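See structure below.
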Amino acid sequence: MNTAGRVLVVDDDPGILKTLEVNLRARGYVADTATTGEQALQQAAKHHPDLVILDLGLPTMDGIEVIQGLRGWTSMPIVVLSGRGTEAEKVQCLDLGADDYVTKPFGMDELFARVRAAIRRSANVDEQPVVTTPDFTIDFTAKQVTRDDVPVRLTPRQWSIVEVLVRDAGRLVTHEQLLREVWGPSYRTETNYLRVFMNQIRQRLEPEPSRPRYFITEAGIGYRFHQPD
Numbered sequence: 001m002n003t004a005g006r007v008l009v010v011d012d013d014p015g016i017l018k019t020l021e022v023n024l025r026a027r028g029y030v031a032d033t034a035t036t037g038e039q040a041l042q043q044a045a046k047h048h049p050d051l052v053i054l055d056l057g058l059p060t061m062d063g064i065e066v067i068q069g070l071r072g073w074t075s076m077p078i079v080v081l082s083g084r085g086t087e088a089e090k091v092q093c094l095d096l097g098a099d100d101y102v103t104k105p106f107g108m109d110e111l112f113a114r115v116r117a118a119i120r121r122s123a124n125v126d127e128q129p130v131v132t133t134p135d136f137t138i139d140f141t142a143k144q145v146t147r148d149d150v151p152v153r154l155t156p157r158q159w160s161i162v163e164v165l166v167r168d169a170g171r172l173v174t175h176e177q178l179l180r181e182v183w184g185p186s187y188r189t190e191t192n193y194l195r196v197f198m199n200q201i202r203q204r205l206e207p208e209p210s211r212p213r214y215f216i217t218e219a220g221i222g223y224r225f226h227q228p229d
């Protein structure tokens, strides 16, 4: 039987657990559940799900420890779903290896859009040499972006930012991650650099730079490349 994928839901709230289980199955997913971190790690090792939806506030073993435990042996996508909404906690989860972060209360449609994006990204094991959008094409082999078959001039730094975000399409990339990958490990807080370069990239690639369609800002946290279906 074909399914949309297998998802492990980890939450100690029975109501949320049941709601997510029902919604997953209604959308064609196989749903596994766990109420503790220990159960989550056991279920993940047993069933190898396509994605984990993880609450942070778990008994005995915190969700942060679950992320660390999973990342010790697997790259399966992790979407954190938590009532903890501080910027520091979001950044910590993402830096430890979570793929996305959704804050409770949440919209079911938004959550499942994030789930689909994370699974698509994970399933695309072989890197695409070319990414095509309705407005521009990115050729990673040639390190070139074109619009209407006309090359777009990007500086090496602008290209590096585009490359990091597009290769992680759908995933939230924190300021710290982006600075580290593009500028180097000694850069951690220079978010003003990112704002300037992102504005330049949008001017060159977005159809409406003031209303970005592709290079999306997650306020106070980082950026995300959105590739329309």
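full-length UniProt numbering puts the sequence shown at residues 1 to 229. No residue lacks a Cβ here, since even glycine has one placed at the ideal position from N, Cα and C. What you are looking at is a predicted structure, and each value in this text was computed from that prediction instead of being measured.
A contact is defined here as three or more CB-CB pairs under 8 Å, and the region 61–76 fails this definition with respect to the region 145–152. If one requires a minimum length of 3 residues, the beta strand (DSSP E) runs lying completely within the UniProt domain "OmpR/PhoB-type" (128–227) are 130–132, 137–139, 144–147, 150–152, 215–218 and 222–225, in chain order. In this model, Ala98 and Glu163 are separated by some 20 Å (Cα to Cα). Between the region 98–110 and the region 155–175 there are three or more inter-stretch CB-CB distances shorter than 8 Å, so the stretches are counted as touching.
Taking a C-beta distance under 7 Å as the contact criterion, Asp50 and Ile119 qualify as a contact pair.
The C-alpha of Met108 is placed about 9 Å away from the C-alpha of Leu20. Annotation: His226 to Pro207 spans about 14 Å, alpha carbon to alpha carbon. Beta-bridge partners of Val80 (DSSP): Leu54 and Tyr101.
Beta bridge pairing from DSSP links Gly5 with Tyr29.
Between the alpha carbons of Leu56 and His47 lies a gap of roughly 21 Å. Per DSSP, the beta bridge partners of Val10 are Ala34 and Leu54. The DSSP-derived three-state label of Met61 is coil. The C-beta of Val196 has fewer than 16 other C-beta atoms within 10 Å across all chains shown, which makes the residue exposed.
Close CB contacts of Val166 within its chain, under the 7 Å cut and outside five residues either way in sequence, are with Val131, Ile138 and Phe225 (chain order). By the Cβ-count criterion, Pro105 is exposed, with fewer than 16 other Cβ atoms from all chains shown falling within 10 Å of its own Cβ.
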